[in-house]
Amino acid sequence: MERRYASHPNEVKQFDTDRLRKEFHIPTLFTPDKLELVLSHEDRLIVGGANPVNKEVKLETDLKELGVSYFLERRELGIINVGGQGSVVVDGTEYKLDNKECLYVSMGTKEVIFKSTDAKQPAKFYLNSAPAHKEFPTAKATLEEVDSSALGDIKNSNDRVIYRFIHQNGIQSAQLVMGMTLLKTGNMWNTMPAHTHPRRMEAYLYFDLPEDAVVFHLMGEPSETRHIVMRNEQAVISPSWSIHSGVGTSNYTFIWGMAGDNKKYDDMDPVSMKELK
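In our numbering, each residue's number is its place in the sequence shown (first place is 1) plus 749.
This is how it looks when you write it as C-alpha cells:
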C-alpha cells in the first residue's frame, strides 16, 4: 500500500507539476488480478482498486500500516463497480455488482473477495475505506434505488445527474460519504461554482472518458488554484482546504468519496466566481 502525506496550503503553492502529481494524483488503480491501495493521511482515507480477471482478488495489505489484525477491524468500505459485471464476497455472502452499482461493507468484516463474471469483460471495483467507530449493516444500492438529482444545464455546459449512495439519508456509515456524478453528452464542467468543505477531505475517480480525452482537475485554495491533468480511470486526492472541480475535453463520469467530521452531503463552503484566481 502506497502512503501519501497531508500537505499545508502554503507549501502546495510552491509545487511544480511533477510534485503536484506525486502528492495528489493516483494514476493506476486497475491492474489485472491485483489490489491497488493508496493511504492518504488526509483523514486516513484509503483509495483503491481491484481488477479480478483470471483469478479472485482479496482485500488485504500490510496490516502494520493500519495497526490492526485484519483490514476492516477498525474501518468501513465503499465499493462502486466501474467495469463489467462482478461480485463481492463478504464473509461468505456474495453480492453481485453490475456497472455503476455500489456496495457498503461494514466494519468488523473479516474477509472481502472480488470476482469477475466474465474475464473478457472484467469488473473494476473502485474502493474508498475510512476509519470507523461503529458497525453499520453491509448494504447494496443501484442507480434506480438511490437519492439523485439533476443539476445544471447545457447552456453552462454542466447538465449532470448526481447519485448519492452512502450518505446521511442513504446507506448508513460511520463517516464515509460516497456517490457519483454523470455528465450528459456535450457537457464538460463539474462542481463550478466551486466550493470547499474544511470539515472533510474528498477524492475523485474520473472514468467513462475516451482514450484521447482528459479532464483538467482544479485544486488549491480559491486564490491559488492549480490544475492536474486526469485521464480515464485515474483518481485525485483533495485536501479539506482545497477546491475540487474540473473541465473535460469530453463528458465523463466521476465518483466522489469523502471522510471527515460529518455525513451531510451538502456541508460545503461556496466560493464565488469572483474569488477564484
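Just so it is clear, CB atoms sit at the ideal spot from N, CA and C, and this is done for glycine as well.
Contacts around residue i, its chain only, beta-carbon distance under 6 Å, and the 5 residues preceding and following it disregarded
i	result
residue 937	906, 996, 997
residue 899	910
residue 806	784, 799, 863
residue 933	908
residue 773	985, 986
residue 901	907, 908, 909
Reduced DSSP category for residue i - H, G, I as helix; E, B as strand; rest coil
i	result
residue 892	coil
residue 758	helix
residue 934	coil
residue 1018	strand
residue 766	helix
residue 1003	strand
residue 850	coil
residue 720	Since the displayed the chain opens at 750 and closes at 1026, residue 720 lies outside it and no answer follows.
residue 812	helix
residue 771	helix
residue 1024	helix
residue 800	strand
residue 904	helix
residue 953	strand
residue 806	strand
residue 875	strand
residue 794	coil
residue 941	coil
residue 946	coil
residue 965	strand
residue 831	coil
Nearest residue (CA-CA) to residue i, options the options
i	options	result
residue 814	787, 765, 826	787
residue 752	981, 771, 762, 767	771
residue 950	851, 934, 901, 878	878
residue 883	803, 960, 781, 921	921
residue 953	933, 801, 926, 764	926
residue 830	801, 824, 841, 1009	801
residue 913	880, 955, 851, 1011	851
residue 1012	1004, 773, 915	915
residue 1014	808, 885, 928	928
residue 885	832, 901, 841, 821	821
residue 832	988, 765, 780	780
Short Cβ contact (8 Å threshold) for residue i with residue j
i	j	result
residue 930	residue 918	no
residue 836	residue 844	yes
residue 703	residue 776	Residue 703 lies beyond the range of the chain shown here (750 to 1026); nothing can be said about it.
residue 977	residue 778	no
residue 750	residue 792	no
residue 816	residue 1006	no
residue 957	residue 1002	yes
residue 1004	residue 819	no
Own chain residues within Cβ distance below 7 Å of residue i, not counting five before or after
i	result
residue 839	854, 858, 861, 887
residue 804	782
residue 896	913, 918, 919
residue 1008	792, 794, 879, 924, 925, 949, 950
residue 984	775, 778, 796, 952, 953, 954
residue 761	969
Cβ neighbours of residue i in the same chain (closer than 8 Å, five flanking residues each side left out)
i	result
residue 1026	971, 972, 973, 974
residue 834	845, 846, 847, 848, 865, 866, 867, 870, 872
residue 935	903, 906, 908, 1000
residue 789	753, 755, 795, 796, 950, 952, 986
residue 960	981
residue 990	758, 945, 947, 970
residue 809	784, 820
Given 8 Å, three or more beta-carbon pairs between the segment 994-1002 and the segment 963-971: yes
Indicate whether the contact test is met: 3 or more Cβ pairs, each with one atom in the segment 938-955 and one in the segment 1007-1020, closer than 8 Å. yes
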